[in-house]
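Quick note: the sequence shown uses our numbering, first residue 40, plus one each step.
Some notes on the structure that comes next.
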Amino acid sequence: MASCFGRNSLNKGDEVIISAMEHHSNIVPWQMICDEREAVLKVIPINNKGELLMDEYKKLLSDKTKLVAVIHISNTLGTINPVKEMIDLAHQKGALVLLDGAQAVPHIKLMCKL
Ligand SMILES: Cc1ncc(COP(=O)(O)O)c(C=O)c1O
Numbered sequence: 040m041a042s043c044f045g046r047n048s049l050n051k052g053d054e055v056i057i058s059a060m061e062h063h064s065n066i067v068p069w070q071m072i073c074d075e076r077e078a079v080l081k082v083i084p085i086n087n088k089g090e091l092l093m094d095e096y097k098k099l100l101s102d103k104t105k106l107v108a109v110i111h112i113s114n115t116l117g118t119i120n121p122v123k124e125m126i127d128l129a130h131q132k133g134a135l136v137l138l139d140g141a142q143a144v145p146h147i148k149l150m151c152k153l
């Protein structure tokens with residue numbers, strides 16, 4: 040995803056936002072592609088309860104934000120992030136969102152009927 044999206048859509052000065060609680064799989068690819076494309080990787084900080092600082096997230100979002108790539112449920116902390124609000128905020132800035140649902144899928148009841 041990072042190389043495909045990055046090579047097609049990231050340009051110098053564009054910004055990607057991740058959080059401080061990402062799995063390594065959702066950090067390193069963004070570091071590499073931001074480096075390659077001269078884009079800027081920004082990180083939402085967390086507090087000592089392992090929660091995202093939403094005010095800081097709002098400050099990081101800008102018209103330069105092209106993608107927000109965040110974890111839904113933390114594999115280390117168990118934190119469930121307020122992803123609905125986060126996605127709405129990102130979309131208001133015209134940014135796409137990648138949600139890492141690796142832990143959420145087995146732990147949250149899916150709303151769809153198969
Ligand atoms: C939240 C989360 N994201 C990503 C991964 C990594 O998944 P993969 O090994 O498929 O890259 C894991 C693995 O446990 C995970 O817990």
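For each residue, glycine too, the CB sits at the ideal point set by N, CA and C.
- request: Give the secondary structure of A129 by DSSP, where H, G and I count as helix, E and B as strand, and everything else as coil.
  value: Translated into the one-based positions of the sequence shown, residue 129 becomes position 90. Helix, per DSSP.
Could you confirm whether any beta carbon from chain B is found closer than 9 Å to the beta carbon of V122? In the structure shown, chain B does not exist; there is a single protein chain.
Quick one: is T115 buried, meaning 16 or more other Cβ sit within 10 Å of its Cβ, or exposed?
Taking the sequence shown and counting its residues from 1, one reaches residue 115 at position 76. With fewer than 16 Cβ atoms within 10 Å of its Cβ, T115 is classed as exposed.
Under the three-state reduction of DSSP, which class applies to E124: helix, strand or coil?
Looking up residue 124 in the sequence shown gives position 85. In this structure, E124 counts as helix in the three-state DSSP scheme.
Point to revise | Where the alpha helix (DSSP H) containing I72 begins and where it ends | key: Here residue 72 refers to the residue found at position 33 of the sequence shown. Where I72 is concerned, the enclosing alpha helix (DSSP H) stretches over V67 to R76.
### Query
Is any heavy atom of ligand 1 found at a distance shorter than 8 Å from the C-beta of N47?
For the purposes of this step, residue 47 is taken as residue 8 along the sequence shown, with counting starting at 1. Because no heavy atom of ligand 1 lies under 8 Å away, the Cβ of N47 does not count as near it: no.
Beta-bridge partners of L106, as assigned by DSSP: Locating residue 106 in the sequence shown gives position 67, where the first residue counts as 1. In the DSSP output, where bridge partners are listed per residue, L106 has V55 and L135.
**Request:** Give me the Cα-Cα distance between L137 and V107, rounded to the nearest whole angstrom.
**Result:** In the sequence shown, the residue the question calls residue 137 occupies position 98. In the sequence shown, the residue the question calls residue 107 occupies position 68. Between L137 and V107, the C-alpha separation is close to 6 Å.
**Report entry** Nearest-angstrom Cα separation, counted from G45 out to C73
**Finding:** Translated into the one-based positions of the sequence shown, residue 73 becomes position 34. Translated into the one-based positions of the sequence shown, residue 45 becomes position 6. Going from the Cα of C73 to the Cα of G45 covers about 8 Å.
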